[in-house]
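Here the structure is laid out as structure tokens; the discussion comes afterwards.
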Amino acid sequence: MLARFLPIAAAAALAAAVWPQAHAAAQAGAAPITFTDATAAAGIHFRHVSGAFGKKYLPETMGSGVVIFDADGDGDQDLFFSNGRSWPGQPAAGLPAFYKNNGTGGFVESARAAGLAVPMYGMGGTAADYDNDGDVDLFTTGLDGNHLFRNNGAGVFTDVIASSGLAPSTGFATSAAWVDYDKDGVLDLLVLNYVTWSVAIDKTCSLDGKTKSYCTPEAYKGASPVLYKGGRDGRFTDVTKAAGLLDPQAKALGVALLDYNQDGWIDLFIANDTRPNRLYRNTGKGTFVDDAVTAGVAFNDAGVPRAGMGTDAADYDGSGRASLVVGNFSNEMIALYHNEGGGLFIDEAPANAIGPASMQTLTFASLFVDVDLDGRPDILALNGHVADDINAVQPRIKYAEPPHLFRNLGNKRFEPISDKVGPAFQKAVVGRGAAFGDLDGDGDPDLVLTENNGPARYLRNDGGNRQHWLRVSLKGTKSNRSGIGATVTATLAGGTKRWGMVKTGSSYLSQSELPLTFGLGAEARVAGLEVRWPSGQVDTIGSVDANRAITIVEGRGLEK
């Protein structure tokens, strides 16, 4: 049970062997950006409550997440923070927080006015317009129940889960994602679950054989993800078993949407903790087939499951194919599964700077985000251990850890730049959720990070917009209104292409903004855009000047 906390000599030796090579390939200079901690100045004062009071209950180590979405339709990105709460018998504490963006670089806490100040032992959330009425709705996950907050307009919500057909509780729910898996124009919902746990069956575990420590997931039975098919009447039907997703052994924490085989149907990657990861290929017939083993993403190179946490998918090498990043436990390295085509992935992290740099850290949130807008997605990894006493048994492993930021150098190489982007990025935290969005309207992606039992942080991107960019929002008509699953190709003057897919989920318990931002580097315009919608509609847009935000409506082109 305690094996995951013990050093792995072979992995350490591998890191030592490849680090000189990775370091030599990373001499590309400092990134021309700085991340500034703008949390207090922006009026954000959220602090996560785990409820910990000495019993060392497993859920205390896991939360929480953040969702970045435009709740009131004003074009500015707002923030929802999931929160835990006190255990029964303890002084009451903990509520979710909802911060409305005031459009001038600040936020106003508005959870109560928005109908979101609902007590819950929350974990994460996902946002999209599930009822196609033009307003973005919010689904939240938690230990003591899930909630479906329908947006009534102007960012005021009503919890309608009781009448939605969704189960109010699926167990220890973690990440979730809206996805139109059958391309009928109505969003479906995937809800991940971690383990079967309650106070009544809580177990006693110890690192030193004397005092109680937090148990690892091996101590508890798994729990299956749940897939709900959405209907045009706003109600949902559980289709988990019929769709081929029933997996009672799963211990799922992260989900990424991708079309890994480029057949036009959204596939699902699920990161499992101490269980094999799953890569569910969408057959296009309402069912999925797990290809994780044959694709090479189920295990590490030794055939052993890792502690999969957060995950994301993106085309990081300009191939047009979506690859995967997965956060794992300390002594396991982050995984960077490069999509080779033909249904095969290869983990590039061990021979890259990413593997050695992440050997001793425990990564929860992992994201592809082009922080310097050069057109190459970089990688953010938010770290923090689960055992607050880990340092007593592993002196080289810390409880609070600084995040990683890996700059994409091209040619599938990355450079660690956490020490080059300002002091805010060097602060050690017990990190969990992370998301990105243009919070201040200047074109470059800002970051929002959450800390277990600690404060959230808004790291403002200063300097990313020195390079050119184009921000693209989509409105579906025949397809789902949010455009989930639509792919956008931006072609530059010289023929270079950039790809993006509108998606929910990713990271850990969190979701980044829905609009796509294309980093253009020195290019001052995009020669053309192509949007492939889930309905099959293909829209093409001619030349567009850079450094602006546009909206494309399905079948109609640019919104005026």
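According to my numbering, the sequence shown is numbered sequentially starting from 43. Glycine included, every Cβ here is placed at the ideal spot set by N, Cα and C.
Check: Residue nearest to S460 in terms of C-alpha spacing, selected from L451, F371, P444; Outcome: P444
Check: V490, enclosing beta strand (DSSP E) - first and last residue; Outcome: 488–493
Check: For Q553, three-class secondary structure by DSSP; Outcome: strand
Check: Selection from R317, D333, D315 that minimises the alpha carbon distance to R323; Outcome: D333
Check: Bridge-paired residues (DSSP) for V237; Outcome: G264
Check: Bridge partner(s) assigned by DSSP for W307; Outcome: DSSP output for W307 lists no bridge partner at all.
Check: Close-in-space but distant-in-sequence residues of the same chain around S255 (CB under 8 Å, 5 per side omitted); Outcome: K98, C247, S248, L249, A429, D431
Check: Exposure of I243, with buried meaning 16 or more beta-carbon neighbours within 10 Å; Outcome: exposed
Check: C-beta contact flag for F478 and V411 at 8 Å; Outcome: yes
Check: Segment limits, alpha helix (DSSP H) that includes G397; Outcome: 396–399
Check: Presumed contact (8 Å Cβ cut-off) between K546 and W307, rounded CB distance; Outcome: Looking at the sequence shown, residue 546 is not Lys but Thr. Not confirmed; about 16 Å, so no contact.
Check: Q553 versus G525: straight-line alpha-carbon distance, rounded; Outcome: 15 Å
Check: Stretch pair the segment 557–565 + the segment 413–428: three plus CB contacts closer than 8 Å; Outcome: yes
Check: Candidates P290, L600, G352: closest to G15 by CA position; Outcome: The requested residue 15 is not part of the displayed model; the chain covers only 43 to 602.
Check: Reduced DSSP category for L249 - H, G, I as helix; E, B as strand; rest coil; Outcome: coil
Check: Three-pair Cβ contact test at 8 Å for the segment 589–602 versus the segment 513–522; Outcome: yes
Check: Nearest-angstrom Cα separation, counted from W575 out to T582; Outcome: 11 Å
Check: Candidates L491, F123, D224, of which the one nearest G527 by Cα; Outcome: D224
Check: Residue closest to T405, alpha-carbon to alpha-carbon, out of S205, A83, G328, M104; Outcome: M104
Check: Three or more C-beta pairs below 8 Å linking the segment 124–133 and the segment 141–158; Outcome: no
Check: Complete runs of the beta strand (DSSP E) confined to the segment 88–168 [at least 3 residues]; Outcome: 108–111, 120–123, 139–143, 149–151
Check: Coil, strand or helix - I312 by DSSP; Outcome: strand
Check: Distance CB(F371)-CB(Y379) smaller than 8 Å; Outcome: no
Check: Whether F214 touches P130 by CB criterion (8 Å); Outcome: no
Check: Contact set for L481: own chain, Cβ-Cβ below 6 Å, skip 5 residues either direction; Outcome: Q119, D488
Check: Option in G167, D222, L269 with minimal Cα separation from N188; Outcome: G167
Check: Every unbroken alpha helix (DSSP H) within the segment 392–454, with a cutoff of 4 residues, ordered by chain; Outcome: 396–399
Check: G360 versus G536 - alpha carbon distance; Outcome: 14 Å
Check: Inter-residue CB distance, L190 and D201 (contact presumed, cutoff 8 Å); Outcome: 7 Å
Check: Host alpha helix (DSSP H) of A337 (start-end); Outcome: 334–337
Check: Rounded straight-line distance, which links the Cα of D275 to that of H446; Outcome: 44 Å
Check: Endpoints, the beta strand (DSSP E) within which T582 is located; Outcome: 580–583
Check: DSSP three-state assignment for G563, whether helix, strand or coil; Outcome: strand
Check: DSSP state of R508 mapped onto helix, strand, coil; Outcome: helix
Check: Distance between beta carbons of D301 and D289, contact taken as under 8 Å; Outcome: No, D289 and D301 are not in contact; Cβ-Cβ is about 21 Å, not under 8 Å.
Check: Environment of R598 [buried if 16+ CB atoms lie within 10 Å]; Outcome: exposed
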